[in-house]
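Numbering (the working numbering), first residue to last: 265 to 550.
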């Protein structure tokens, strides 16, 4: 018996870290030509990005209610207190499926403690929230206090990101075809965020990556005054070079020392494409 942390493959923390910390990772489904693959198990991010460069079009599907029921029931039978940190409900129906499954399991096990938290986050934004939950659990935080802590962190997490090719946002229904064509022709780089409802919001747009990085740093400065003491999350769509460049600029500007850097998982990368670059941190000015 104990607290069991669960998240999904929209979280970009490494499998090694999650396994070491005993965090259960549930894969989201990736579809290609009528075939379904489990994110990170049957298909890798590297395969996704290369496939997209080759013209393949991937789709994603939420984790099923049955998948959730199977996992929740396993830990309910063991008497564990279950805390699932979900991918944003503003971008997927995964959180809703988890809640339906939790209610079904509670009917079979009335004493089961199952808490579903919609983090309104994704990739390393979700990763930073999960990491802080792991730290809280390891420090002996109670189930109830852990829930409060995660909810507080979820309310403060910031996502600032850009995409290299606007066609991928068009394919995902996030941008009109005309805007994608014109934007690519003019080398326009959009700057987006995930808003308080967990949905995509465009903040600004610039021409060229040099201006882009400067604008991202300014947005970070506007939203947090302790970036030198925070762990900063970076996720990239198979673009390690740009990720490392952004890290060096953040170090120079804010004195930050602690980073989590990873390739963006297939579940999100399938919608944003190669060259996507994201930075995550906690807003201390809300």
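Virtual Cβ for every residue (Gly too), placed ideally from N, Cα, C.
- [ ] Could you tell me the distance, in whole angstroms, from the CA atom of residue 341 to the CA atom of residue 522?
- [x] One C-alpha to the other measures close to 38 Å.
TODO: Determine the closest residue to residue 275 out of 266, 291, 286 and 268, with distance taken between C-alpha atoms.
DONE: Among 266, 291, 286 and 268, the Cα nearest to that of residue 275 is on 291.
- [ ] Can you give me the start and stop residues for the alpha helix (DSSP H) that residue 314 sits inside?
- [x] Bounds of the alpha helix (DSSP H) holding residue 314 are 309–317.
Task: Cα-Cα separation, residue 444 to residue 387 - done: With a pLDDT of only 44 at residue 444, under 50, the local geometry of the prediction cannot be trusted, and the value read off the model is given with reservation. Residue 444 and residue 387: Cα-Cα distance of roughly 24 Å.
Task: residue 549, DSSP secondary structure in three states - done: Secondary structure at residue 549: coil, using DSSP grouped into helix, strand and coil.
Open item on the list: Under DSSP, the alpha helix (DSSP H) around residue 376 begins and ends at which residues?
Closed with: First-last for residue 376: undefined, no H or E at that position.
Open item on the list: Looking at the secondary structure, which residues open and close the alpha helix (DSSP H) in which residue 410 lies?
Closed with: Here the alpha helix (DSSP H) through residue 410 covers 407–420.
TODO: Give a yes or no on whether the C-beta atoms belonging to residue 289 and residue 315 are separated by under 9 Å.
DONE: In this structure, residue 315 does not lie closer than 9 Å to residue 289 by Cβ.
Task: residue 364: CB within 8 Å of a non-hydrogen atom of the ligand GTP - done: Of the ligands one can find in the structure shown there are none, so the ligand GTP has no counterpart to examine.
Open item on the list: Suppose the cutoff is 6 Å on Cβ atoms and the five residues either side in sequence are ignored; what does the same chain contact list for residue 411 look like?
Closed with: Only 379 meet the Cβ criterion.
Task: beta strand (DSSP E) segment containing residue 391, residue limits - done: Run containing residue 391: none in the beta strand (DSSP E); it sits in the alpha helix (DSSP H), 387–402.
Task: Exposed unless 16 or more other CB atoms sit within 10 angstroms - verdict on residue 265 - done: Exposed: under 16 other Cβ atoms inside 10 Å.
Task: Beta-carbon proximity of residue 336 to residue 421, cut-off 9 Å - done: Not a contact, by the Cβ cut-off of 9 Å.
Open item on the list: Measuring only the C-alpha atoms, how far is residue 325 from residue 303?
Closed with: Cα to Cα, residue 325 sits roughly 10 Å from residue 303.
Task: CA-to-CA distance, residue 361 to residue 372, given in whole angstroms - done: For residue 372 and residue 361, the distance between alpha carbons rounds to 17 Å.
Open item on the list: Taking only three categories from DSSP, how would you classify residue 541?
Closed with: Of the three classes helix, strand and coil, the one that applies to residue 541 here is strand, per DSSP.
Task: Same chain only: Cβ atoms within 7 Å of residue 365, ignoring 5 sequence neighbours per side - done: Only 329, 332, 333 and 336 meet the Cβ criterion.
Open item on the list: Just to confirm before moving on: does the CB-CB distance between residue 476 and residue 426 stay below 9 Å?
Closed with: Yes, Cβ-Cβ distance for residue 476 and residue 426 is below 9 Å.
Task: Secondary structure of residue 527, DSSP reduced to three states - done: In the structure shown, the three-state DSSP call for residue 527 is strand.
- [ ] Go ahead and pull the three-state DSSP assignment for residue 325.
- [x] Collapsing the DSSP output to three states places residue 325 in a strand.
Open item on the list: Can you tell me whether residue 492 is helix, strand or coil according to DSSP?
Closed with: Coil, per DSSP.
Open item on the list: Would residue 511 and residue 424 qualify as a contact pair, given that the criterion is a beta-carbon distance under 9 Å?
Closed with: It is not a contact, given that the beta carbons lie outside the stated cut-off.
- [ ] Could you tell me which residues DSSP puts in a beta bridge with residue 551?
- [x] For residue 551 there is no data in the structure shown, the boundaries of the chain being 265 and 550.
Task: Cut-off 8 Å between Cβ atoms - residues of its own chain near residue 488, not counting five sequence neighbours on either side - done: Taken in chain order, the residues that qualify are 422, 494, 545, 546, 547, 548 and 549.
Open item on the list: Going by C-alpha to C-alpha distance, which of 472, 363, 345 and 479 sits closest to residue 249?
Closed with: One cannot answer for residue 249 here, as it falls past the ends of the chain, which runs 265 to 550.
Open item on the list: Let me confirm a value: residue 321 is counted as buried when at least 16 other C-beta atoms fall within 10 Å, else exposed. Which label applies?
Closed with: With fewer than 16 Cβ atoms within 10 Å of its Cβ, residue 321 is classed as exposed.
- [ ] Could you name the residues that DSSP lists as bridge partners for residue 285?
- [x] Per DSSP, none; premise fails for residue 285.
Task: Coil, strand or helix - residue 346 by DSSP - done: Reduced to three states, the DSSP call for residue 346 is strand.
Task: Inter-residue Cα distance where the pair is residue 357 and residue 294 - done: It is roughly 15 Å from the alpha-carbon of residue 357 to the alpha-carbon of residue 294.
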